[in-house]
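**Q**
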Amino acid sequence: MKKMAVAALGIGAAFLMRNKNARDKLMKQFESLAEPFTSKNGSS
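Under our numbering, the sequence shown is numbered contiguously, ending at residue 74.
(1) What does the alpha-carbon distance come out to for the pair Ala38 and Lys32?
(2) Please classify Asn49: is it buried, with 16 or more other beta-carbons within 10 angstroms of its beta-carbon, or exposed?
(3) For Met34, I'd like the list of residues in its chain whose CB is within less than 8 angstroms of its CB, leaving aside the five on either flank, ordered along the chain.
(4) Would you kindly work out how many angstroms separate the C-alpha atoms of Lys55 and Leu63, rounded to a whole number?
(5) Would you give the residue range spanned by the alpha helix (DSSP H) that Met34 belongs to?
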């Protein structure tokens, strides 16, 4: 599962490097998605 996330991030990074508008939109979405995970898992 972790490898899938890393692969998705790699693909997403390549895409976002070309699209700054998409990066801004996705960063906002990612922050809202990551919030519950970061609050649950304090470490790593």
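A virtual CB, placed ideally from N, CA and C, is assigned to each residue, including glycine.
Small disclaimer: the values here were computed from a predicted structure and weren't measured.
**A** Reading it off the structure:
(1) Translated into the one-based positions of the sequence shown, residue 38 becomes position 8. Translated into the one-based positions of the sequence shown, residue 32 becomes position 2. Distance from the CA of Ala38 to the CA of Lys32, rounded to the nearest whole angstrom, comes to 10 angstroms.
(2) As a first step, residue 49 is located in the sequence shown; it is residue number 19 there, counting from the start. It counts as exposed.
(3) In the sequence shown, the residue the question calls residue 34 occupies position 4. In its own chain, leaving out the 5 sequence neighbours on each side, no residue places its CB closer than 8 angstroms to the CB of Met34.
(4) Against the sequence shown, residue 55 aligns to sequence position 25. Against the sequence shown, residue 63 aligns to sequence position 33. Near 13 angstroms, if we compare the C-alpha coordinates of Leu63 and Lys55.
(5) Residue mapping note: residue 34 aligns to position 4 of the sequence shown, counting from 1. Its alpha helix (DSSP H) spans residues 32-48.
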